[in-house]
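Chains as they are written, first to last, in my numbering: chain Z, 1 to 312; chain H, 1001 to 1312.
Backbone N, C-alpha and C fix where the C-beta goes; we use that ideal spot for every residue, glycine too.
One structure is given here, and the rest of the page talks about it.
There are 2 protein chains.
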Amino acid sequence: MKISEWGEDRLIRRITRRIRTDPSVVRGVGDDCAVLTGRLSAGFGAGAGRFLLFASDMLVEGVHFRRAARPEQIGWKALAVNVSDVAAMGGLPRYAVVSIGLPRETRGSFVEGVYRGLRRCAARFGVNLVGGDTVRSPKIVVDVAILGEVERGRVVYRKGARPGDVLLVTGRLGGAVRSGRHLTFTPRVREARALAGRGRVHAMMDLSDGLWVDLGRLCRESRVGAVLELGRIPRRPGCSLKQALTDGEDFELLLAVPAREAARLIRWARGRLACGLTRIGRVVKRNSGGPVTCVDAKGRQVVWREGGFRHF
Amino acid sequence: MKISEWGEDRLIRRITRRIRTDPSVVRGVGDDCAVLTGRLSAGFGAGAGRFLLFASDMLVEGVHFRRAARPEQIGWKALAVNVSDVAAMGGLPRYAVVSIGLPRETRGSFVEGVYRGLRRCAARFGVNLVGGDTVRSPKIVVDVAILGEVERGRVVYRKGARPGDVLLVTGRLGGAVRSGRHLTFTPRVREARALAGRGRVHAMMDLSDGLWVDLGRLCRESRVGAVLELGRIPRRPGCSLKQALTDGEDFELLLAVPAREAARLIRWARGRLACGLTRIGRVVKRNSGGPVTCVDAKGRQVVWREGGFRHF
């Protein structure tokens, strides 16, 4: 069986199901970051009432960027996707190590450009670049691992959504790769910190593979279903509904919050979060079908059929 | 200018010279691991008198292993090289994240084998595998980032060697790639902990690129020179002196210790460290030539000329 037949989620389930961790691992595989506490050994984090966050994201030439991309943008994106993972837990990024694989014929100025982008992103979000590895590789590969911190009371997982919650999303979705925005996006650190610190956020994640796929993941981790109100989904100008749902690389935040908090947070966000905060659906009990059901503006159920949403 | 003309050390100097870090970074780029303290923010480590260690190492198919290698061995090596980096600081490995790039046609059983190797190495050295990333890639790439801990009094850098110190090495050198040992080696965690806890170790590193290159790095970081006693270098059976000096991937420990400690440590190691501990030279003041000078069994200076060491 080839991994292309399994798909990413099944592959991850298969390779991680036998992994055992000690009690210092509050959350291991399956969220935007691992959540660690010093209970067992060094006491880090514990005393100060904080958790450590730990994650990594790999970019490969031809898959996540083209070699023609500006090297500064490749560097920015390589760190920004990791910063976004820390933001999605409600945390602050602190340290990063960078492993970079390069063909022998790579120009020095290209590599310096990648590091300029890494440094710009690091300076913007308070990240210390502290090390890594430099190796030969037939294609350019940049893998960043990030360490962040989060107050115990502010950490938000994918798994906390409950039936009755309202689903919110920051910004507008779709067209990130086509427009080049996937190389220059601003991770929602400030927004995530403000939202996780202001109201009770039951679940949060960043949108990297498109709302459709990622909402399914949030539902599975939370053991719930979701009703997506298609008419409310905030689209980037020129994007179809399908693009907004499946394009990916938006790096916006998806949140599940108690219904009474939702209106309060949306009111608060007005004029304060430039990116906006939009209600896009609600959390329901898990049903026997797929995790996500779609409804049109009138609340009638619709399904995806041959390139568009249709009524039954 | 292509990076192949710069070489690894110059490339790293160029891309990292503009990096600025905050005071919580005790040691950034330039050692086996970054050394972090919680002074500025979360207080992790600080209270318990420990530092955090943070590093990453990337393996690329065709460069660090062949696709024909047993997948368990690829997984073992990917984590073991990182465990070795933590050992080289005197620390204990604790957590790792794994980013893996895979061609679409990769067999599921291959990936499961890689993770079996990762889990075996993790269980052996007390490492928690807590997350990572899985992406598409034309060649197999495995990048592991590791978090470790070390007591403040036990951390050892590359930079502490002083003139008059004696150079020691664990194990025997050479032939690691040819013999396949680079895929199955045992990181010297126990040995490094014992040595760093038992005597004053001024400087330590693990040997990944061969004694000749790595001793040069230790000298540059310490701003000293070294005299290598060629007759004393412990070689693997069937290895020439050149192979022992330049083959690389030995993952043995290189130490600089005060002269009066050296004899004591070697005596202590006898019968206790199965790998052995050998005196291979001494640290001297930096001179104007290259950092490392070689002498033969009679103490006469020799130089490398066309495939072998010769007297002038």
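Check residue i in the structure and name its three-state DSSP category.
{"i": "H/Asn1082", "result": "helix"}
{"i": "H/Glu1005", "result": "helix"}
{"i": "H/Glu1105", "result": "coil"}
{"i": "H/Pro1071", "result": "helix"}
{"i": "H/Val1295", "result": "strand"}
{"i": "Z/Val213", "result": "helix"}
{"i": "Z/Arg178", "result": "helix"}
{"i": "H/Ser1056", "result": "strand"}
{"i": "H/Val1201", "result": "coil"}
{"i": "H/Leu1207", "result": "coil"}
{"i": "H/Val1257", "result": "strand"}
{"i": "H/Arg1235", "result": "strand"}
{"i": "H/Val1025", "result": "strand"}
{"i": "H/Glu1249", "result": "coil"}
{"i": "H/Arg1188", "result": "coil"}
{"i": "H/Arg1286", "result": "coil"}
{"i": "H/Arg1020", "result": "coil"}
{"i": "Z/Arg154", "result": "coil"}
In terms of residues, what are the limits of the alpha helix (DSSP H) holding residue i?
{"i": "Z/Val121", "result": "One detail in the question is off: residue 121 of chain Z reads as Cys in this sequence, not Val. Where Z/Cys121 is concerned, the enclosing alpha helix (DSSP H) stretches over Gly108 to Phe125."}
{"i": "Z/Ala244", "result": "Leu241 to Thr246"}
Quick one, which of the options has its alpha-carbon nearest residue i's?
{"i": "Z/Ile140", "options": "Z/Glu61, Z/Met89 and Z/Leu254", "result": "Z/Glu61"}
{"i": "H/Gly1210", "options": "H/Pro1234, H/Ile1019, H/Arg1305 and H/Ala1196", "result": "H/Pro1234"}
{"i": "Z/Ile100", "options": "Z/Ser208, Z/Gly131, Z/Val227 and Z/Arg94", "result": "Z/Gly131"}
{"i": "Z/Arg300", "options": "Z/Leu265, Z/Glu261, Z/Thr246 and Z/Gly231", "result": "Z/Gly231"}
{"i": "H/Ala1176", "options": "H/Glu1008, H/Ala1068, H/Ala1192 and H/Lys1077", "result": "H/Lys1077"}
{"i": "Z/Arg178", "options": "Z/Ala263, Z/Glu151, Z/Trp6 and Z/Gln243", "result": "Z/Gln243"}
{"i": "H/Ala1274", "options": "H/Val1283, H/Glu1252 and H/Lys1285", "result": "H/Glu1252"}
{"i": "H/Arg1220", "options": "H/Tyr1157, H/Arg1020, H/Glu1149 and H/Leu1052", "result": "H/Tyr1157"}
{"i": "H/Glu1106", "options": "Z/Glu8, Z/Ala259 and Z/Gly271", "result": "According to the sequence as given, residue 1106 of chain H is Thr; it is not Glu. Nearest C-alpha to H/Thr1106: Z/Glu8."}
{"i": "H/Val1025", "options": "H/Ala1069, H/Leu1129, H/Phe1054 and H/Thr1184", "result": "H/Phe1054"}
{"i": "Z/Val189", "options": "Z/Thr293, Z/Glu72 and Z/Val86", "result": "Z/Val86"}
{"i": "H/Ala1259", "options": "H/Cys1239, H/Gly1271 and H/Gly1199", "result": "H/Gly1199"}
{"i": "H/Val1169", "options": "H/His1182, H/Thr1184, H/Lys1002 and H/Leu1207", "result": "H/Leu1207"}
{"i": "H/Tyr942", "options": "H/Arg1282, H/Val1083 and H/Val1029", "result": "Given that chain H is displayed from residue 1001 to residue 1312, the structure contains no residue 942 of chain H and the question cannot be resolved."}
{"i": "H/Arg1104", "options": "Z/Cys33, Z/Lys2 and Z/Gly180", "result": "Z/Lys2"}
{"i": "H/Asp1214", "options": "H/Arg1282, H/Gly1075, H/Phe1110 and H/Leu1254", "result": "H/Leu1254"}
{"i": "H/Leu959", "options": "Z/Trp6, Z/Ala194, Z/Asp31 and Z/Trp212", "result": "Because chain H in this structure spans residues 1001 to 1312, residue 959 of chain H falls outside the shown range and cannot be described."}
Where do the ends of the beta strand (DSSP E) carrying residue i lie?
{"i": "H/Ala1161", "result": "Taken as a continuous stretch (DSSP letters only), H/Ala1161 belongs to no beta strand (DSSP E), as it is neither H nor E."}
{"i": "Z/Glu149", "result": "Val141 to Glu151"}
{"i": "H/Leu1167", "result": "Val1166 to Thr1170"}
{"i": "Z/Ala274", "result": "Premise fails: Z/Ala274 is in no beta strand (DSSP E) and is neither H nor E."}
{"i": "H/Val1303", "result": "Gln1301 to Arg1305"}
{"i": "H/Glu1229", "result": "Gly1225 to Glu1229"}
{"i": "Z/Leu173", "result": "First-last for Z/Leu173: undefined, no H or E at that position."}
{"i": "H/Leu1036", "result": "Ala1034 to Leu1036"}
Would residue i count as contacting chain H if we go by Cβ distances under 9 Å?
{"i": "Z/Cys239", "result": "no"}
{"i": "Z/Glu8", "result": "yes"}
{"i": "Z/Pro138", "result": "yes"}
{"i": "Z/Thr21", "result": "yes"}
{"i": "Z/Asp209", "result": "no"}
{"i": "Z/Glu105", "result": "yes"}
{"i": "Z/Ala55", "result": "yes"}
{"i": "Z/Ala42", "result": "Caution applies to Z/Ala42, whose pLDDT of 43 falls short of 50 and renders its modelled position unreliable; the value that the coordinates give is listed next. With 9 Å as the cut-off, Z/Ala42 counts as an interface residue toward chain H."}
{"i": "Z/Ala262", "result": "no"}
{"i": "Z/Ser179", "result": "no"}
{"i": "Z/Glu112", "result": "yes"}
{"i": "Z/Val135", "result": "yes"}
I'd like to confirm the pairing. Which residues does DSSP put opposite residue i in its beta bridges?
{"i": "Z/Arg10", "result": "None; Z/Arg10 has no bridge partner."}
{"i": "Z/Gly132", "result": "Z/Val98"}
{"i": "Z/Gly281", "result": "Z/Leu167 and Z/Leu228"}
{"i": "H/Pro1093", "result": "H/Gly1148"}
{"i": "H/Glu1061", "result": "H/Phe1065"}
Is there a Cβ from chain Z that is less than 9 Å from the Cβ of residue i?
{"i": "H/His1182", "result": "no"}
{"i": "H/Cys1121", "result": "no"}
{"i": "H/Met1058", "result": "yes"}
{"i": "H/Asp1247", "result": "no"}
{"i": "H/Cys1033", "result": "yes"}
{"i": "H/Leu1117", "result": "Before going further, note that residue 1117 of chain H is Gly rather than Leu in the sequence given. It does not; no Cβ of chain Z falls within 9 Å."}
{"i": "H/His1202", "result": "no"}
{"i": "H/Ile1100", "result": "yes"}
{"i": "H/Thr1016", "result": "yes"}
{"i": "H/Ile1074", "result": "no"}
{"i": "H/Ile1280", "result": "no"}
{"i": "H/Thr1077", "result": "A small correction: the amino acid at residue 1077 of chain H is Lys; Thr does not occupy that position in the sequence shown. Not one chain Z Cβ lies under 9 Å of H/Lys1077."}
Could you tell me if the beta carbon of residue i falls within a distance shorter than 8 Å of some heavy atom in the ligand GTP?
{"i": "Z/Arg200", "result": "The ligand GTP is not part of the structure shown, which contains no ligands of any sort."}
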